[in-house]
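2 protein chains.
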Amino acid sequence: MTTREVLQAAKAAAGALAVLGSEEKNRALLAMAEALTGAQEDILQANREDLEKAAANGMPDVMMDRLRLDADRIAGMARGIREVAELPDPVGAVISRIERPNGLVIDKVRVPMGVVAMIYESRPNVTSDAAALALKSGNVCVLRGGKEAFGSSSAIVQALRAGLRREGLPETFVNMVPDTSRAGANELMTAVGLVDLLIPRGGAGLIRACVEQARVPCIQTGTGICHIYVDAAADLGMALNILDNAKTSRPSVCNAAEVCLVHRQVAPVFLPMLAERLTTARAAAGKPPVELRLDPAAAAIIPGTPAGEADFDTEFLDYILAVRVVADVREAIAHIAAHSTHHSEAIVTGDAGAAGLFTASVDSAAVYVNASTRFTDGGEFGLGCEIGISTQKLHARGPMGLEELTSYKYVIRGSGQIR
Amino acid sequence: MTTREVLQAAKAAAGALAVLGSEEKNRALLAMAEALTGAQEDILQANREDLEKAAANGMPDVMMDRLRLDADRIAGMARGIREVAELPDPVGAVISRIERPNGLVIDKVRVPMGVVAMIYESRPNVTSDAAALALKSGNVCVLRGGKEAFGSSSAIVQALRAGLRREGLPETFVNMVPDTSRAGANELMTAVGLVDLLIPRGGAGLIRACVEQARVPCIQTGTGICHIYVDAAADLGMALNILDNAKTSRPSVCNAAEVCLVHRQVAPVFLPMLAERLTTARAAAGKPPVELRLDPAAAAIIPGTPAGEADFDTEFLDYILAVRVVADVREAIAHIAAHSTHHSEAIVTGDAGAAGLFTASVDSAAVYVNASTRFTDGGEFGLGCEIGISTQKLHARGPMGLEELTSYKYVIRGSGQIR
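Chains as they are written, first to last, in this note's numbering: chain A, 56 to 474; chain B, 56 to 474.
In structure tokens, the structure reads:
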């Protein structure tokens, strides 16, 4: 099948999935989970072949690890599908009801989007996660994973479709783009009328390509140049713990901090604490030290690399932190407005006025007071799951769960009303 | 100023408007309304010049009427602004609050989009409506009206800005694109990072151009190929009233019906009633009769024009109705799925099963049971106002009021939590 044919089959299946009841969807999810476990050997074999090709192509170790599956990881994927079955069904909920003076009853009812397309990169487990979340929210999915994981993802999708067939449901509820060329991705981006929502998950290049080329509704996700601002009124010990956590607990993720802004009044005390914790102490403990890229005012206080202008506009995803001294909370807010990707930012302060100004003025999906930016996550926000983190303002912002994969329609019941 | 400079000025003003309180916004709206009335002579003079040019260019009478302003219409525009001041402020509302086991308090707070751009056509009153709704929802607007109304719209915007200045507020809260070339519209569509939401209001050509060319978040509005399905179990008198109202009460608007689908069991009785009411009776009353474009089964029952295939895919916006006989509610649903613009559709039936199947299966913004499609309107839906009717599923669907001009952000308050 061509990508176009896959999209047409997906569109044709959308009506049936949209009206499927919660129980049927949950049974389908459990069957998909079981089929996934049952297909373990096929999936591992396909994954070994992917890994061999990747090794031959010189893929770095960290990427190889993302691509690698084993029995535990497949069990984890199946468990993930079963957890999605446990989540409440967002579809059909009446969001609001009004009765008009003319007797019309207007219900705003939650409905699926229809066909949700996802473009993502190497981790094959995204394939089963995305399929499960789409199905639970009543959406037919069209998946386009990374080319390095093509064999693994194909084997996973085959298993999921076998599970659907076993429940007597169309296998076209879960679809995969048959090629991994750029043309295939482009076809998803431009399939007006066939794709109701496109979610790209990946690096800045992929997101930019979607913004530039997509003609279908699209949600920008993920890129996070997150800031921690340490105010004059901060508890400096708390600030240090938050910064350490936000920078070093998992530097490769989008909610990790990339920039620290420090109020000039506390910079002479705080910056030496920061340098000690993130460089000296880490090195002494055998952990990778954080490279500090310092503006001139910070460089006058602690040792580090002089920051180039690009350092305040880079998602390092690594043990690197850009540091700038600011005059006050307003300068911190202005810096964030100029350099942020509108993902997550935090202020550490004991001053309610500074906190209020920061949360009101910073235009990002998640704005924290006295907590780490690492909490920007569907699970941590109580959504139960996550399909991505939106950094745009249209439709959904921040972590996207099942509800964010839905739209609504108005159902109006009357008794012959005319206008 | 160039369009780019206007956009930059708008973006620079967005932060200040986003945090403006409800009272200040309402005072600004009242000042804008007063300034508009005060500038009546200037606006009427500019409008006379627009009208003269339009007449010289051979503009049709119906368009001339849309363009024409008088003292009453200006008073109506000012009244419209004052009514927006009376509406509740959507900004700042806490949509939901959760407290996590770790003590984090996560508020989902309604916030403005930022910069909202609108591209619209000839009616100059849209200029003041859009400016008022944007300001009330905390958004800076960038307006790009039709070129025929450029002088009138400029005079209106000048008056609104004078009102803002009188309140000590930046006039850049309300902006107008300085030229009406296609290049100007294109610059709005592609101003990534400067435009947070683009709303095109106008004909199918404008909407298509935005879908194809926009790189900024955009909402498709307006195009309505609306269907009325008369079921076997319909009260035929009710069906006739609803169809008459939906077709003839205001044929030029997007929620008017364009297609009637009739169950074959009632077609022999209903179609002659329809022909009598929409053609013979109207002609006898001196009203424009409705031209009926009939599929072969309908043509075997009543006189009319044979329908071409395009007639079921055309937004006539005129006294024309396409008519098709269908086997049952499922065929009606399938026809709508293939031909609708996902705006508004209605079923007339006394059968709860047919009504339930129709409302569950028809994938449109507004789905009616026993009522006219003409109710799809912000005012009729209790939103208090309307900036447009979305026919897409991302973000907002159906009539868009003040809330639909907002986004949200998460504000998370902690006491040093790390992950």
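All C-beta atoms in this analysis are idealised placements derived from N, C-alpha and C, irrespective of residue type, glycine included.
(request) Give the straight-line distance between the Cα atoms of N449 of chain A and P272 of chain B, rounded to the nearest whole angstrom. (result) Taking the first residue of the first sequence as position 1, residue 449 of chain A is located at position 394. Taking the first residue of the second sequence as position 1, residue 272 of chain B is located at position 217. With the sequence shown as reference, residue 449 of chain A is identified as Leu, and Asn is not the correct amino acid for it. When rounded, the distance between both Cα atoms is 7 Å.
(message) Let me confirm a value: M56 of chain B is counted as buried when at least 16 other C-beta atoms fall within 10 Å, else exposed. Which label applies?
(response) Locating residue 56 of chain B in the second sequence gives position 1, where the first residue counts as 1. Its Cβ having fewer than 16 others within 10 Å, M56 of chain B is exposed.
(request) Quick one: which residues of the stretch 292-324 of chain B get their C-beta closer than 7 Å to a C-beta of chain A? List them in chain order. (result) Those residues of the stretch 292-324 of chain B that come within reach of chain A (Cβ to Cβ, closer than 7 Å) are M293, N296, I297, N300, S304.
(message) Give me the chain A residues within the contact set of Q213 of chain B, using Cβ-Cβ distance strictly less than 8 Å, ordered along the chain.
(response) For the purposes of this step, residue 213 of chain B is identified with residue 158 of the second sequence, where counting begins at 1. Within chain A, no C-beta atom comes less than 8 Å from the C-beta of Q213 of chain B; the nearest is roughly 29 Å away.
(message) If you reduce the DSSP assignment to three classes, tell me which class S445 of chain B lands in.
(response) Stepping through the second sequence from its first residue, residue 445 of chain B is reached at position 390. Correct three-state label for S445 of chain B: strand.
(message) What does the alpha-carbon distance come out to for the pair T446 of chain B and G411 of chain A?
(response) Along the second sequence, read from residue 1 onward, the residue named residue 446 of chain B stands at position 391. Along the first sequence, read from residue 1 onward, the residue named residue 411 of chain A stands at position 356. Roughly 37 Å separates the two Cα atoms.
(request) Can you tell me which of B:S304, B:M293, B:R155 puts its alpha carbon nearest to the alpha carbon of R474 of chain A? (result) In the first sequence, the residue the question calls residue 474 of chain A occupies position 419. For the residues B:S304, B:M293, B:R155, the minimum Cα distance to R474 of chain A belongs to B:S304.
(request) Compute the Euclidean distance between the alpha carbons of G363 of chain A and M173 of chain B, then round it to the nearest angstrom. (result) Numbered from its first residue, the first sequence carries residue 363 of chain A at position 308. Numbered from its first residue, the second sequence carries residue 173 of chain B at position 118. Roughly 39 Å separates the two Cα atoms.
(request) Identify whether I299 of chain A lies in helix, strand or coil by the three-state DSSP scheme. (result) Within the first sequence, numbered from 1, the residue matching residue 299 of chain A stands at position 244. A small fix is needed here, since residue 299 of chain A is Asp in this sequence, not Ile. D299 of chain A: helix per DSSP, three-state reduction.
(request) Spatial neighbours of A311 of chain A within its chain, please: CB distance less than 8 Å, with the 5 preceding and 5 following residues excluded, ordered by chain position. (result) Residue numbering aside, residue 311 of chain A sits at position 256 when the first sequence is read from its first letter. Closer than 8 Å at the Cβ level, and outside the excluded window around A311 of chain A, lie G279, C281, A301, K302, S304, R305, L372, T428, R429.
(message) Strictly below 8 Å CB to CB, what residues from chain B border E267 of chain A?
(response) Reading the first sequence from its first residue, position 212 is the one you call residue 267 of chain A. Taking a Cβ-Cβ cut-off of 8 Å, the neighbours of E267 of chain A in chain B comprise R270, given in sequence order.
(request) Can you grab the Cα-Cα spacing for the pair L124 of chain B / L106 of chain B, in whole Å? (result) The residue given as residue 124 of chain B occupies position 69 in the second sequence. The residue given as residue 106 of chain B occupies position 51 in the second sequence. Straight-line Cα distance between these residues: approximately 10 Å.
(request) Report the neighbours of L329 of chain B on chain A: residues whose CB is nearer than 8 Å to its CB, in chain order. (result) In the second sequence, the residue the question calls residue 329 of chain B occupies position 274. Going along chain A, no residue has its Cβ under 8 Å from L329 of chain B, so there is no contact; the nearest lies around 15 Å.
(message) Output needed in chain order: residues of the stretch 449-467 of chain A with a Cβ under 7 Å from some Cβ in chain B.
(response) Result list: L449, H450, R452, G453, S462, Y463, K464, Y465, V466, I467.
(request) Work out the CA separation of A259 of chain A and V266 of chain A for me, nearest whole Å. (result) Along the first sequence, read from residue 1 onward, the residue named residue 266 of chain A stands at position 211. Along the first sequence, read from residue 1 onward, the residue named residue 259 of chain A stands at position 204. So the two alpha carbons sit approximately 11 Å from each other.
(message) Determine, for A415 of chain B, whether the minimum Cβ-Cβ distance to residues of chain A falls below 8 Å.
(response) For the purposes of this step, residue 415 of chain B is taken as residue 360 along the second sequence, with counting starting at 1. At least one chain A Cβ lies under 8 Å of A415 of chain B.
(message) To the nearest angstrom, how far is the alpha carbon of T360 of chain A from that of D366 of chain A?
(response) One-based indexing of the first sequence puts residue 360 of chain A at position 305. One-based indexing of the first sequence puts residue 366 of chain A at position 311. Answer to the nearest angstrom: the Cα atoms are 11 Å apart.
(request) Taking only beta-carbon positions, decide if S192 of chain B is within less than 8 Å of chain A. (result) Residue numbering aside, residue 192 of chain B sits at position 137 when the second sequence is read from its first letter. Closer than 8 Å: no.
(request) Determine which residues of the stretch 161-180 of chain B have a Cβ less than 8 Å from any Cβ of chain A, and write them out in chain order. (result) So the list reads I161, V166, M168, G169, given in the order they occur along the chain.
(request) Taking S427 of chain B as the query, report the chain A residues whose CB atoms sit under 7 Å from its CB, ordered along the chain. (result) In the second sequence, residue 427 of chain B corresponds to position 372, counting from 1. Correct list: Q472, I473, R474.
(request) State the DSSP-derived secondary structure class of P358 of chain B, mapped to helix, strand or coil. (result) Within the second sequence, residue 358 of chain B is the residue found at index 303, counting from 1. Looking at P358 of chain B - three-state DSSP - the assignment turns out to be coil, as it is neither helix nor strand.
(message) Contact defined as beta carbons within less than 8 Å: I believe Y463 of chain A pairs with I150 of chain A. What is the distance between those atoms, to the nearest angstrom?
(response) Walking along the first sequence from the start, residue 463 of chain A turns up at place 408. Walking along the first sequence from the start, residue 150 of chain A turns up at place 95. Between I150 of chain A and Y463 of chain A the Cβ distance is about 6 Å, and since that is below 8 Å, they are a contact.
(message) My parser needs the alpha helix (DSSP H) runs of 4 or more residues fully inside the stretch 226-288 of chain A; what are they?
(response) List check, alpha helix (DSSP H) in window: 237-244, 259-268.
(request) To the nearest angstrom, report how far apart L460 of chain A and V170 of chain A are at their CA atoms. (result) Position 405 of the first sequence, counted from the start, is the residue given in the question as residue 460 of chain A. Position 115 of the first sequence, counted from the start, is the residue given in the question as residue 170 of chain A. Cα to Cα, the separation comes out at about 10 Å.
(request) Would you mind reading off the limits of the beta strand (DSSP E) that contains P454 of chain B? (result) Mapped onto the second sequence, residue 454 of chain B falls at position 399. Taken as a continuous stretch (DSSP letters only), the beta strand (DSSP E) holding P454 of chain B covers 453-455.
(request) Report all residues from its chain with a CB closer than 8 Å to the CB of D234 of chain A; omit the five preceding and five following residues, and keep chain order. (result) Here residue 234 of chain A refers to the residue found at position 179 of the first sequence. In the same chain as D234 of chain A, and ignoring 5 residues on each side of it, the C-beta atoms closer than 8 Å to its own belong to T58, in chain order.
(request) Could you list which residues in chain A have their beta carbon closer than 7 Å to that of D144 of chain B, in chain order? (result) As a first step, residue 144 of chain B is located in the second sequence; it is residue number 89 there, counting from the start. Correct list: empty, because the minimum Cβ distance to chain A is about 14 Å.
(message) For chain A, check one thing: does any of its Cβ atoms lie closer than 8 Å to the Cβ of D46 of chain B?
(response) Any answer about residue 46 of chain B is impossible in this case: the structure gives chain B only from 56 up to 474.
(message) Out of B:A389, B:I129, B:I254, B:N180, which one is the CA nearest neighbour of I444 of chain B?
(response) Within the second sequence, the letter at position 389 stands for residue 444 of chain B. For I444 of chain B, the closest C-alpha among the options B:A389, B:I129, B:I254, B:N180 is that of B:I254.
(request) Pull up the CB-CB distance for V384 of chain B and E400 of chain B, whole angstroms please, since I reckon it's below 8 Å. (result) The residue you call residue 384 of chain B lines up with position 329 of the second sequence. The residue you call residue 400 of chain B lines up with position 345 of the second sequence. Actually they do not touch by this definition, with Cβ atoms about 12 Å apart.
(request) For D162 of chain A, name the three-state secondary structure that DSSP assigns. (result) Here residue 162 of chain A corresponds to residue number 107 of the first sequence, with the count starting at 1. DSSP places D162 of chain A in strand when its eight states are reduced to three.
(request) Have a look at A292 of chain A and G437 of chain B and give me their C-alpha separation to the nearest angstrom. (result) Translated into positions along the first sequence, residue 292 of chain A becomes position 237. Translated into positions along the second sequence, residue 437 of chain B becomes position 382. Note on residue identity: the sequence assigns Gly, not Ala, to residue 292 of chain A. Approximately 52 Å, taken between the alpha carbons.
(request) Taking V195 of chain B as the query, report the chain A residues whose CB atoms sit under 7 Å from its CB, ordered along the chain. (result) As a first step, residue 195 of chain B is located in the second sequence; it is residue number 140 there, counting from the start. What V195 of chain B touches in chain A: nothing, since even the nearest Cβ is about 13 Å away.
(request) Starting from the beta carbon of V422 of chain B, find every residue of chain A whose beta carbon is closer than 8 Å, and list them in chain order. (result) Here residue 422 of chain B is taken as the residue at index 367 of the second sequence, counted from 1. Near V422 of chain B (Cβ distances below 8 Å), the residues of chain A are K464, Y465, V466, I467.
(message) Could you tell me the alpha carbon to alpha carbon distance between T431 of chain A and A110 of chain B, rounded to whole angstroms?
(response) Taking the first residue of the first sequence as position 1, residue 431 of chain A is located at position 376. Taking the first residue of the second sequence as position 1, residue 110 of chain B is located at position 55. T431 of chain A and A110 of chain B: Cα-Cα distance of roughly 58 Å.
(request) Could you give the DSSP three-state label for Q213 of chain A: helix, strand or coil? (result) Position 158 of the first sequence holds residue 213 of chain A. Three-state DSSP puts Q213 of chain A in a helix.
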